[in-house]
Amino acid sequence: MAKRKDDDDGRLLIGENRKARHHYEIVEVIEAGLQLKGPEVKSLRARQISFEGAFARVTDGEAFLHNLHIAAYKQNTLEDISSTRTRKLLLKRRQIEKLATAQDQKGMTLIPLEIYFKRGWAKVAVAVGKGKRGPDKRDELRRRDATRELARSFKGKFKA
Numbered sequence: 025m026a027k028r029k030d031d032d033d034g035r036l037l038i039g040e041n042r043k044a045r046h047h048y049e050i051v052e053v054i055e056a057g058l059q060l061k062g063p064e065v066k067s068l069r070a071r072q073i074s075f076e077g078a079f080a081r082v083t084d085g086e087a088f089l090h091n092l093h094i095a096a097y098k099q100n101t102l103e104d105i106s107s108t109r110t111r112k113l114l115l116k117r118r119q120i121e122k123l124a125t126a127q128d129q130k131g132m133t134l135i136p137l138e139i140y141f142k143r144g145w146a147k148v149a150v151a152v153g154k155g156k157r158g159p160d161k162r163d164e165l166r167r168r169d170a171t172r173e174l175a176r177s178f179k180g181k182f183k184a
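First residue of the sequence shown? That's 25 in my numbering, and the numbers climb one at a time after it.
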């Protein structure tokens, strides 16, 4: 079996929350470890994951990831694990305090952006984001389409 290639920094991307950048304006991104059980790691390696409705929250000085769906591992017969259970985020105290203050600000929320393995350890990129309104989303789509059109029109003009 061929080995999958990692990124330059040893990251093996498992899943990405594509809707997050569309629905939220990302302010800051923090890398956190994930506290998982054995079958969950196997399911992650098989890329059985969904970010639909996932969010993070800081409670009592600890950070948790809620509603992240990791499908049950097929060959697991020992224990029954809920696929959307609350999972603890492994962070340093200062990082947790930073996330807690950001979460307490009006309109700010904590969103998981992507899950990956870094040197064999499961990591999640948690972003501090502010929800976009409908007009903000439309403006961004118009801006993106305009830059695409410009790039398309200039594509063949300046060949050497």
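Heads up, the beta-carbon is just placed ideally off N, CA and C, and yes, glycines get one too.
Alpha-carbon spacing of residue i relative to residue j, whole angstroms
{"i": "Gly158", "j": "Arg168", "result": "16 angstroms"}
{"i": "Met25", "j": "Glu173", "result": "Here Met25 scores only 43 on pLDDT, less than 50, and its place in the model is too uncertain to base an answer on."}
{"i": "Val51", "j": "Met132", "result": "9 angstroms"}
{"i": "Ile139", "j": "Glu86", "result": "19 angstroms"}
{"i": "Ile105", "j": "His46", "result": "31 angstroms"}
{"i": "Gln119", "j": "Leu68", "result": "25 angstroms"}
{"i": "Ala175", "j": "Leu165", "result": "15 angstroms"}
{"i": "Lys154", "j": "Tyr48", "result": "5 angstroms"}
{"i": "Phe178", "j": "Ala170", "result": "12 angstroms"}
{"i": "Asp160", "j": "Ser107", "result": "34 angstroms"}
{"i": "Leu36", "j": "Phe141", "result": "5 angstroms"}
Residue i vs residue j beta-carbon contact at 7 angstroms
{"i": "Glu55", "j": "Lys112", "result": "no"}
{"i": "Ile73", "j": "Gly39", "result": "yes"}
{"i": "Val53", "j": "Gln127", "result": "no"}
Element boundaries [beta strand (DSSP E), containing residue i]
{"i": "Gly57", "result": "Tyr48 to Leu58"}
{"i": "Ile135", "result": "Met132 to Lys142"}
{"i": "Phe79", "result": "Phe79 to Thr83"}
{"i": "Lys147", "result": "Trp145 to Gly155"}
{"i": "Leu113", "result": "Arg111 to Leu114"}
CA nearest to the CA of residue i, picked from the options
{"i": "Leu11", "options": "Tyr48, Ile135 and Lys122", "result": "No answer is possible for residue 11: the residues shown for the chain start at 25 and end at 184."}
{"i": "Lys116", "options": "Ala124, Gly180 and Thr110", "result": "Ala124"}
{"i": "Gly57", "options": "Val150, Glu49 and Leu102", "result": "Val150"}
{"i": "Ala44", "options": "Lys61, Val152, Phe141 and Gly144", "result": "Val152"}
{"i": "Thr204", "options": "Arg71, Arg162 and Lys61", "result": "Because the chain here runs from 25 to 184, residue 204 falls outside it and cannot be looked at."}
{"i": "Arg42", "options": "Ile94, Phe75 and Lys66", "result": "Phe75"}
{"i": "Ala78", "options": "Ala70, Trp145, Leu92 and Asp84", "result": "Leu92"}
{"i": "Leu97", "options": "Arg71, Arg162, Lys122 and Gly144", "result": "According to the sequence shown, residue 97 is Tyr rather than Leu. The candidate whose alpha carbon is nearest that of Tyr97 is Arg71."}
{"i": "Pro63", "options": "Arg162, Ala80 and Glu103", "result": "Glu103"}
{"i": "Gln99", "options": "Arg162, Arg143 and Lys66", "result": "Lys66"}
Span of the alpha helix (DSSP H) around residue i
{"i": "Leu174", "result": "Gly158 to Phe178"}
{"i": "Gly39", "result": "Premise fails: Gly39 lies in the beta strand (DSSP E), Arg35 to Glu40, not in any alpha helix (DSSP H)."}
{"i": "Glu86", "result": "Glu86 -> not in any alpha helix (DSSP H); beta strand (DSSP E) instead, spanning Glu86 to His90."}
{"i": "Ala70", "result": "First-last for Ala70: undefined, no H or E at that position."}
{"i": "Ala126", "result": "Arg117 to Asp128"}
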